[in-house]
Structures are given as C-alpha cells and as structure tokens.
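Only one structure is covered here, and it is reproduced in the block below.
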Amino acid sequence: MSGDNRLDQAATESAGAETTATMVPRETDFGQPAAGGDLTPQANLDLLMDVDMRLTVELGRARLKFRDVLNLTAGSVVELAKLTSEPVDIMVNGALLASGEVVVVEDHFAVRVTKLLNRVERLKRVL
C-alpha cells in the first residue's frame, strides 16, 4: 500500500467511527443526551418552568347549523350544552388539566379550581 492509500483508509475509518458515535446517542428519560454533566430529571423539568402555555376555560359547547351562525347578531343568545351548576373544564394547550367553578373577583371573571389531575397525569397531557 502506498502512503496516500493508508491516509485515505485511516481517514475513512476515523470518519466511520465518528459517524457511528453520533448516530447512537444515549438519552435520558426526558430526551436529553446523556453526558458527563447530566442534568437530573428535576433540573430538566426546571428548564420548562418559564415556558408560556395557553390556558383555556371552556364554559360549554353548542352545535349550530351554518345558517344559524350567519344569523347571529349582537344580543343573540347561544345556549350551551352544560348546566350552570356543572363545573367548567380548564385546559392547557388543548389538554384537560382540571375542572372548576366560575367566580367573580373585583368585576372580573375568574375560575376556582375544584378538581385537578394528579401531577403525573398533568405532565403527560401538557408535555
């Protein structure tokens, strides 16, 4: 073998080793690559604490025909398929998280949480 061929073969072998190393990363339970300075699961979760999420309170639902939607005017009343005594759904990013009751606080509507999913279920639904 000539000197050039040995260099080419060594470059190919080292490139192959690098490719294999990057193709099979180990991962923690939270999807972070494992490394010498691993973050604990709690530290990984702490990284998400300042992420904005959309909280929605659903008072109820109604099904209307297209013509009825077009006929809505100011002052129209849409009856919801939920009683006033029933709890409202509290959702985060579209996933049910809790239920509660509507209250008024200083002329503003608010929701008092009455039932909350356990922490594990909340994490599964939100993440």
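Numbering-wise, the sequence shown is residues 982 to 1108 according to my numbering.
By construction, the Cβ of each residue, glycine as well, lies at the ideal position given by its N, Cα and C atoms.
If you're wondering where the values come from, they're calculated on a predicted model, not measured in any experiment.
Any chance the region 1096–1105 sits against the region 1043–1062, with 3 or more Cβ pairs inside 8 Å?
-> In short, these stretches do not touch, since the Cβ pair count stays below three.
Backbone CA spacing between Arg1044 and Gly1081 [nearest angstrom] = Distance between the alpha carbons of Arg1044 and Gly1081 is about 23 Å.
CB-CB under 7 Å to Ser1083, same chain, minus the five flanking residues each way: which ones, in chain order?
-> The amino acid at residue 1083 is misidentified as Ser; the sequence shows Val. Here the set comprises Val1069, Phe1090 and Val1092.
Cut-off 8 Å between Cβ atoms - residues of its own chain near Leu1077, not counting five sequence neighbours on either side = The answer, listed in chain order, is Asp1070, Ile1071, Leu1098 and Arg1106.
Cβ-based burial, Ala1062 [other Cβ within 10 Å; buried from 16] | Taking every protein chain shown into account, the CB of Ala1062 has fewer than 16 other CB atoms within 10 angstroms, so this residue is exposed.
From Pro1014 to Asn1025, what does the alpha carbon distance come to, in whole angstroms?
-> Summary for Pro1014: the model assigns pLDDT 49, below 50, so the residue's position carries little reliability, and this model does not support an answer.
Looking at the structure shown, is Ala1024 part of a helix, part of a strand, or coil, going by DSSP?
-> It is helical.
Near Glu1060, which residues of its chain fall below 8 Å by C-beta distance, leaving aside the five closest residues on each side in sequence?
-> Once the five neighbours on either side are set aside, the close Cβ partners of Glu1060 are Ala1043.
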